[in-house]
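Asks: The working numbering numbers the first residue of the sequence shown as -17 and each following residue consecutively.
Glycine residues also receive a C-beta, built at the ideal position from the N, C-alpha and C atoms.
Sharing a structure, written as structure tokens. Questions coming.
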Amino acid sequence: TILFEKDVPVAHTVKVTYSAGRSVKVNNHSVTSDQLTTVTPSTDVKVEIMPQAGYHIKQVRLGSDDVTGQLSSNILTISSISANKDITVTFEKDALVTHSVKVTYSVGGSVKVNGQSVTSGQSATVTASSDVKVIITPQVGYHIKQVQLGNEDVTGQLSSNVLTISSISANKNIMVIFE
């Protein structure tokens, strides 16, 4: 009697497809999108997915299966690989984080936030972590008496009638008194 046994393949491939501007490693080796990486059968394969700043991983598919929930610290582990694998990674741009700057001021001038005119009692929307310029312009015959940021008097921080809020990280209230 002669028995035939199927040969065990000496290698499998892993192909990762992803959008440009991000990076992926297979077993600690950087790979380009659609590049085939050869791996040893019956070994664990680690696929490290690194979104660029401002992006996050939306979905990871192994073949047709969504395996996003199996990521641990952005690493997908394929245990004891036994066949060729296709992985598709979808990245998504992070939502823009914003804050509001509410401006209240008395008669006698106007206020702009990052160049946008703001009616007294209204708010301007600004991007989080950006520097915000509040331009305070008194009308003829008026001057700036006081500027408050929250409960803090910041009149002394004005430079040429401009208040700069560095790297804004929360909603702000500004009150300007002209006289």
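Can you check whether the CB of V93 is closer than 7 angstroms to the CB of V158?
Replies: Walking along the sequence shown from the start, residue 158 turns up at place 176. Walking along the sequence shown from the start, residue 93 turns up at place 111. Their beta carbons are under 7 angstroms apart, which means V158 touches V93 by this criterion.
Asks: Taking just the CA atoms, how far does V13 sit from S142?
Replies: Translated into positions along the sequence shown, residue 142 becomes position 160. Translated into positions along the sequence shown, residue 13 becomes position 31. Answer to the nearest angstrom: the Cα atoms are 53 angstroms apart.
Asks: Select from S151, Q17, K127, P120 the residue whose C-alpha is nearest the C-alpha of G91.
Replies: Sequence index remark: in the sequence shown, residue 91 carries index 109 (1-based). Checking every option, the nearest Cα to that of G91 belongs to P120.
Asks: Can you say whether K67 is buried or exposed, counting buried as having 16 or more other CB atoms within 10 angstroms of its CB?
Replies: The residue labelled residue 67 in the question sits at position 85 within the sequence shown. Buried, because 16 or more other Cβ atoms sit within 10 Å of the Cβ of K67.
Asks: Let me check understanding here. Comparing Cα to Cα, which of S5, N153, S105 lies closest to I57?
Replies: Your numbering for residue 57 matches position 75 in the sequence shown. Ranking S5, N153, S105 by Cα distance to I57 puts S5 first.
Asks: Measure the Cβ-Cβ separation of H81 and N155 and say whether it is below 7 angstroms.
Replies: Here residue 81 is taken as the residue at index 99 of the sequence shown, counted from 1. Here residue 155 is taken as the residue at index 173 of the sequence shown, counted from 1. The Cβ atoms of H81 and N155 lie no closer than 7 angstroms to each other.
Asks: Excluding five sequence neighbours on each side, which residues of the same chain lie with their C-beta closer than 8 angstroms to the C-beta of V27?
Replies: Translated into the one-based positions of the sequence shown, residue 27 becomes position 45. Once the five neighbours on either side are set aside, the close Cβ partners of V27 are V(-4), V8, N9, V21, T59, I60, I63, K67.
Asks: Tell me which same chain residues have a C-beta within less than 8 angstroms of the C-beta of L44, skipping the five on either side of it?
Replies: In the sequence shown, the residue the question calls residue 44 occupies position 62. So the list reads L58, I60, K67, D68, I69, once near-sequence residues are dropped.
Asks: Report the three-state DSSP secondary structure of G91 (helix, strand or coil).
Replies: Walking along the sequence shown from the start, residue 91 turns up at place 109. When secondary structure is reduced to three states using DSSP, G91 falls in the strand class.
Asks: Measuring only the C-alpha atoms, how far is N133 from V79?
Replies: Residue numbering aside, residue 133 sits at position 151 when the sequence shown is read from its first letter. Residue numbering aside, residue 79 sits at position 97 when the sequence shown is read from its first letter. The alpha-carbon atoms of N133 and V79 are separated by roughly 24 angstroms.
Asks: List the DSSP bridge partners of R4.
Replies: For this step, residue 4 is matched to residue 22 along the sequence shown. None; R4 has no bridge partner.
Asks: Extract the residue ranges of the alpha helix (DSSP H) inside the stretch 12 to 99, only unbroken runs of 4 or more that lie entirely within it.
Replies: none
Asks: Does the separation of the CB atoms of I39 and V108 fall below 7 angstroms?
Replies: As a first step, residue 39 must be located in the sequence shown, where it is residue number 57. As a first step, residue 108 must be located in the sequence shown, where it is residue number 126. Going by C-beta atoms, I39 is not nearer than 7 angstroms to V108.
Asks: Suppose you measure from the CA of E201 to the CA of I118; what does that come to, to the nearest Å?
Replies: Lying before the first or after the last residue shown, residue 201 is absent from the chain, which here runs from -17 to 161.
Asks: Please classify T(-17): does DSSP put it in a helix, a strand, or coil?
Replies: Against the sequence shown, residue -17 aligns to sequence position 1. Reduced to three states, the DSSP call for T(-17) is coil.
Asks: Assuming contact is defined by CB atoms lying nearer than 7 angstroms, are T146 and K127 in contact in what I supplied?
Replies: By 1-based counting over the sequence shown, the position of residue 146 is 164. By 1-based counting over the sequence shown, the position of residue 127 is 145. No, Cβ-Cβ distance for T146 and K127 is not below 7 angstroms.
Asks: Taking 7 angstroms as the limit between beta carbons, can you name the residues of its chain near Q139, skipping five residues before and five after?
Replies: For the purposes of this step, residue 139 is taken as residue 157 along the sequence shown, with counting starting at 1. Within the same chain, Q139 has close Cβ partners L145.
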